[in-house]
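A.B. asks: UniProt numbering applies: residue 1 is where the sequence shown begins, and numbers increase by one. Idealized CB from N, CA, C, for every residue including glycine.
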Amino acid sequence: MRRRGRIDAPVPPRLTGWLWIDRKLLRQALRRDEALVTALAGLVPARPGWSFRRAGVTAVAVLVHLVALGALVFGGWLSTRDFPGVGLLPGVISLAFGALLLPRPASLPRYATRLRRADAPDLFSFVTAVAGAVGVRCPDLIVVDDRFAADGGTAGLLRRRHLRLGAPLLAALDGQQRAAVVAHQLAHFSNGDPLRGPVVGSVDRSMSALVELFEPRKDTTLRAFQDPAILKAKLGIGGGAGNAGTTVAAVWYAELLVRPFIAVLRWASVLGRFLLALLVKPDVHRAEYHADAVAARVAGTAAVLEVLDVMTLRESVLTVLRREVRAADGDTPDPPAWRAATRQVLEHSAARLPQLRAAALPASTSPFADHPPLALRVRLLRTQPTAEPALHFTEADCAAMDRELADEHRRFARDLRHG
Numbered sequence: 001m002r003r004r005g006r007i008d009a010p011v012p013p014r015l016t017g018w019l020w021i022d023r024k025l026l027r028q029a030l031r032r033d034e035a036l037v038t039a040l041a042g043l044v045p046a047r048p049g050w051s052f053r054r055a056g057v058t059a060v061a062v063l064v065h066l067v068a069l070g071a072l073v074f075g076g077w078l079s080t081r082d083f084p085g086v087g088l089l090p091g092v093i094s095l096a097f098g099a100l101l102l103p104r105p106a107s108l109p110r111y112a113t114r115l116r117r118a119d120a121p122d123l124f125s126f127v128t129a130v131a132g133a134v135g136v137r138c139p140d141l142i143v144v145d146d147r148f149a150a151d152g153g154t155a156g157l158l159r160r161r162h163l164r165l166g167a168p169l170l171a172a173l174d175g176q177q178r179a180a181v182v183a184h185q186l187a188h189f190s191n192g193d194p195l196r197g198p199v200v201g202s203v204d205r206s207m208s209a210l211v212e213l214f215e216p217r218k219d220t221t222l223r224a225f226q227d228p229a230i231l232k233a234k235l236g237i238g239g240g241a242g243n244a245g246t247t248v249a250a251v252w253y254a255e256l257l258v259r260p261f262i263a264v265l266r267w268a269s270v271l272g273r274f275l276l277a278l279l280v281k282p283d284v285h286r287a288e289y290h291a292d293a294v295a296a297r298v299a300g301t302a303a304v305l306e307v308l309d310v311m312t313l314r315e316s317v318l319t320v321l322r323r324e325v326r327a328a329d330g331d332t333p334d335p336p337a338w339r340a341a342t343r344q345v346l347e348h349s350a351a352r353l354p355q356l357r358a359a360a361l362p363a364s365t366s367p368f369a370d371h372p373p374l375a376l377r378v379r380l381l382r383t384q385p386t387a388e389p390a391l392h393f394t395e396a397d398c399a400a401m402d403r404e405l406a407d408e409h410r411r412f413a414r415d416l417r418h419g
């Protein structure tokens with residue numbers, strides 16, 4: 001019999017590099033996620049406020065900022081002491097480590113088209129109406145791209161709010177479902193998510209960048225310089241091996257010196273990120289569940305559940321949309337037909353959705369995940385009182401927005417046809 005919370009499928013070494021540790025961490029993460037949903041069952045989740053855990057998260061974030069400053073000072077001192085000396089290499093590494101840990105503001109989404117109110121008045125009116133129902137001000141920027149997703153956040157030193165909408169996702173959703181997506185994203189501006197704050201959020205981005213930087217991977221550059229034949233060709237050396245042999249030895253010695261420092265920095269970054277995630281994850285998931293509850297209050301519980309089902313069936317929906325586009329004449333987009341096809345996918349997959357959600361649950365669980373698994377979000381929403389929509393949108397509203405996003409839909413149709 002399969003134990004609750006058990007993950008039997010092979011897990012790639014994506015967390016620590018040790019398979020048995022990764023499996024244990026993922027099992028524990030799944031148990032904690034399910035325990036939180038059990039504790040919140042039947043309740044409308046409130047936004048997380050200040051607590052001992054929140055204070056601990058802030059203290060850890062401030063400590064990381066101080067470590068970054070200390071690494072810069074120590075690296076500068078070590079690099080210049082008895083210059084050039086044996087402390088130059090570790091000093092440079094310490095400087096790089098401190099620079100990577102420095103707080104960094106989030107940047108605006110790349111490869112996204114910024115919309116102006118004059119170009120998309122109906123979409124802006126739609127977002128403004130939803131923002132009023134959520135109780136937040138309208139974002140400073142609205143951008144669209146070609147993803148089957150949506151998100152919101154702040155960017156730059158001034159922390160300007162932006163809402164990023166995937167045109168393909170909007171085209172596949174009806175008015176209430178679009179309102180659910182936008183309401184959920186706008187709720188993040190006031191739901192108390194610590195990762196969206198200036199202190200904890202910047203540390204999380206820095207720690208993620210460090211873990212990715214120090215992730216072990218095959219170093220083809222060093223291996224190339226340790227191959228005498230390649231090195232001779234690079235240096236233009238003929239048959240003599242004197243210079244090549246000296247350079248190969250230097251590369252070997254440099255690697256032997258660097259590897260211990262890299263290993264220490266990697267494990268320090270992994271442990272630091274894991275500690276931060278352990279402290280911050282409950283509040284992050286509570287904030288996500290609160291955003292779902294706000295979206296249900298604005299667009300209705302049924303619309304939020306339908307959006308979560310569409311995201312669960314994402315690949316099936318895209319496959320059906322690709323079939324619709326290829327069956328049509330030319331690259332002229334037809335969003336109403338895409339919405340009808342999406343509804344058919346939801347209807348035909350209704351019976352197997354519980355199995356699909358259960359199968360995807362282990363793979364979508366991680367100690368570092370900033371979103372709870374879709375299956376747990378659906379499970380918690382179904383335990384809450386059913387909310388009726390505060391706003392109502394019709395097919396005419398969708399058609400008006402589709403006309404303003406016609407260029408994005410045309411690019412999406414072209415990608416589907418030729419992809």
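Pull up the distance between the alpha-carbon of residue 292 and that of residue 35, whole angstroms please.
C.D. replies: Here residue 292 refers to the residue found at position 292 of the sequence shown. Here residue 35 refers to the residue found at position 35 of the sequence shown. The alpha-carbon atoms of residue 292 and residue 35 are separated by roughly 18 Å.
A.B. asks: Mind listing, in chain order, the continuous alpha helix (DSSP H) runs of no fewer than 4 residues lying wholly within the segment 350–387?
C.D. replies: Runs found: 353–360, 374–383.
A.B. asks: Flag this pair as yes or no: are the beta carbons of residue 278 and residue 309 separated by less than 8 Å?
C.D. replies: The count along the sequence shown starts at 1 and reaches residue 278 at position 278. The count along the sequence shown starts at 1 and reaches residue 309 at position 309. The answer is no: Cβ separation not under 8 Å.
A.B. asks: Grab the span of the beta strand (DSSP E) containing residue 80 for me, first residue to last.
C.D. replies: By 1-based counting over the sequence shown, the position of residue 80 is 80. Careful: residue 80 lies outside any beta strand (DSSP E), inside the alpha helix (DSSP H) at 52–80.
A.B. asks: I need the boundaries of the beta strand (DSSP E) containing residue 153, first residue and last residue.
C.D. replies: For this step, residue 153 is matched to residue 153 along the sequence shown. Element bounds for residue 153: 150–155.
A.B. asks: Please go through the same chain and pick out, in chain order, the residues whose beta-carbon is closer than 7 Å to the beta-carbon of residue 272, but skip the five residues on each side of it.
C.D. replies: Indexing the sequence shown from 1 puts residue 272 at position 272. Excluding the 5 residues flanking it on each side, residue 272 has same chain C-beta neighbours closer than 7 Å at 64, 207, in chain order.
A.B. asks: Pairing CB atoms from the segment 303–322 with CB atoms from the segment 197–215, are three or more of them under 8 Å?
C.D. replies: Judged by pairs of C-beta atoms under 8 Å, the segment 303–322 does not touch the segment 197–215, as fewer than three such pairs exist.
A.B. asks: Name the one or two DSSP bridge partners that residue 143 has.
C.D. replies: In the sequence shown, the residue the question calls residue 143 occupies position 143. Paired residues: 114, 164.
A.B. asks: For residue 209, which three-state DSSP category applies?
C.D. replies: Here residue 209 corresponds to residue number 209 of the sequence shown, with the count starting at 1. The answer is helix: DSSP assigns residue 209 an H, G or I state.
A.B. asks: Taking the alpha-carbon positions, what's the residue 30 to residue 201 distance?
C.D. replies: On the sequence shown, position 30 is the one that residue 30 refers to. On the sequence shown, position 201 is the one that residue 201 refers to. The straight-line gap from Cα to Cα measures roughly 23 Å.
A.B. asks: So what does DSSP say about residue 199, is it helix, strand or coil?
C.D. replies: Along the sequence shown, read from residue 1 onward, the residue named residue 199 stands at position 199. It is coil, neither helix nor strand.
A.B. asks: With a Cβ-Cβ cutoff of 8 Å, do residue 98 and residue 59 count as a contact?
C.D. replies: Translated into the one-based positions of the sequence shown, residue 98 becomes position 98. Translated into the one-based positions of the sequence shown, residue 59 becomes position 59. No; because the gap between Cβ atoms is not below 8 Å, this pair is not in contact.
A.B. asks: Going by Cα to Cα distance, which pick from 88, 137, 166, 176 is closest to residue 160?
C.D. replies: As a position in the sequence shown, residue 160 is number 160, starting the count at 1. Nearest option by C-alpha distance: 137.
A.B. asks: Run the CB neighbour count on residue 189, radius 10 Å, all protein chains shown included, and call it buried at 16 or more, exposed below.
C.D. replies: In the sequence shown, residue 189 corresponds to position 189, counting from 1. It counts as buried.
A.B. asks: Mind checking which residues open and close the alpha helix (DSSP H) that includes residue 129?
C.D. replies: As a first step, residue 129 is located in the sequence shown; it is residue number 129 there, counting from the start. Residue 129 -> alpha helix (DSSP H) spans 121–134.
A.B. asks: Using 8 Å as the threshold, is the C-beta distance between residue 70 and residue 79 below it?
C.D. replies: As a position in the sequence shown, residue 70 is number 70, starting the count at 1. As a position in the sequence shown, residue 79 is number 79, starting the count at 1. Not closer than 8 Å, so no.
A.B. asks: Suppose you measure from the CA of residue 384 to the CA of residue 191; what does that come to, to the nearest Å?
C.D. replies: Residue 384 sits at position 384 when you count from the first residue of the sequence shown. Residue 191 sits at position 191 when you count from the first residue of the sequence shown. Each residue's alpha carbon lies about 18 Å from the other.
A.B. asks: State buried or exposed for residue 152, treating a residue as buried only when at least 16 other CB atoms are found within 10 Å of its CB.
C.D. replies: Translated into positions along the sequence shown, residue 152 becomes position 152. So residue 152 ends up on the buried side.
A.B. asks: Please look up how many angstroms separate the CB atoms of residue 298 and residue 130, rounded, as I've assumed it's under 8 Å.
C.D. replies: Here the question's residue 298 lines up with position 298 in the sequence shown. Here the question's residue 130 lines up with position 130 in the sequence shown. With 8 Å as the limit, residue 298 and residue 130 qualify as a contact, their Cβ atoms being about 6 Å apart.
A.B. asks: Taking the alpha carbon of residue 420 as the reference point, which residue from 359, 171, 100, 362 has its own alpha carbon closest?
C.D. replies: In the structure as shown, the chain starts at 1 and stops at 419, and residue 420 therefore has no counterpart that could be examined.
A.B. asks: Judging by CA-CA distance, which residue of 84, 295, 280 is the nearest neighbour of residue 57?
C.D. replies: Taking the first residue of the sequence shown as position 1, residue 57 is located at position 57. Of the listed residues, the one whose Cα sits closest to residue 57 is 280.
A.B. asks: Going by other Cβ atoms of all chains shown within 10 Å of its Cβ, with 16 needed for buried, is residue 416 buried or exposed?
C.D. replies: Sequence index remark: in the sequence shown, residue 416 carries index 416 (1-based). With 16 or more Cβ atoms within 10 Å of its Cβ, residue 416 is classed as buried.
A.B. asks: Taking residue 389 as the reference, give the member of 404, 351, 337, 301 with the closest Cα.
C.D. replies: Within the sequence shown, the letter at position 389 stands for residue 389. Nearest option by C-alpha distance: 301.
A.B. asks: Give me the Cβ distance between residue 360 and residue 312, rounded to the nearest whole Å; I'm assuming they're in contact under 8 Å.
C.D. replies: Counting from one through the sequence shown, the residue named residue 360 turns up at place 360. Counting from one through the sequence shown, the residue named residue 312 turns up at place 312. Between residue 312 and residue 360 the Cβ distance is about 7 Å, and since that is below 8 Å, they are a contact.
A.B. asks: Going straight from the alpha carbon of residue 404 to that of residue 398, what length do you get?
C.D. replies: Numbered from its first residue, the sequence shown carries residue 404 at position 404. Numbered from its first residue, the sequence shown carries residue 398 at position 398. The straight-line gap from Cα to Cα measures roughly 10 Å.
A.B. asks: Between 126, 109, 165, 132, which lies nearest to residue 154 when the distance is taken from Cα to Cα?
C.D. replies: The residue labelled residue 154 in the question sits at position 154 within the sequence shown. Checked all of 126, 109, 165, 132; the closest Cα to residue 154 is 109.
A.B. asks: Looking only at its own chain, which residues have a Cβ that is under 7 Å from the Cβ of residue 100, when we skip the five neighbours before and after it?
C.D. replies: For the purposes of this step, residue 100 is taken as residue 100 along the sequence shown, with counting starting at 1. Once the five neighbours on either side are set aside, the close Cβ partners of residue 100 are 206, 209, 210, 213.
A.B. asks: Would you report the Cα separation of residue 378 and residue 37, rounded to the nearest angstrom?
C.D. replies: Position 378 of the sequence shown, counted from the start, is the residue given in the question as residue 378. Position 37 of the sequence shown, counted from the start, is the residue given in the question as residue 37. Looking at the two C-alpha atoms, the distance is approximately 10 Å.
A.B. asks: Short of 7 Å in beta carbon distance, which residues of its chain neighbour residue 94, apart from the five on each side in sequence? Order them along the chain.
C.D. replies: As a working mapping, residue 94 is identified with position 94 in the sequence shown. Result list for residue 94: 71, 74, 75, 78, in chain order.
A.B. asks: For residue 186, which residues in the same chain have their Cβ closer than 6 Å to its Cβ, ignoring the five residues on either side in sequence?
C.D. replies: If you number the sequence shown from 1, residue 186 lands on position 186. For residue 186, where only same-chain residues beyond five positions count, the Cβ hits under 6 Å are 131, 134, 136.
A.B. asks: According to DSSP, simplified to helix, strand and coil, what is residue 261?
C.D. replies: Mapped onto the sequence shown, residue 261 falls at position 261. Looking at residue 261 - three-state DSSP - the assignment turns out to be helix.
A.B. asks: Excluding the 5 residues flanking residue 316 on each side, which residues of the same chain have their C-beta closer than 7 Å to its C-beta?
C.D. replies: Taking the sequence shown and counting its residues from 1, the one referred to as residue 316 is at position 316. Result list for residue 316: 345, 349, in chain order.
A.B. asks: What do you get for residue 19, buried or exposed, if any count of 16 or more other CB atoms within 10 angstroms of its CB means buried?
C.D. replies: Here the question's residue 19 lines up with position 19 in the sequence shown. Answer is exposed; the Cβ neighbour count stays below 16.
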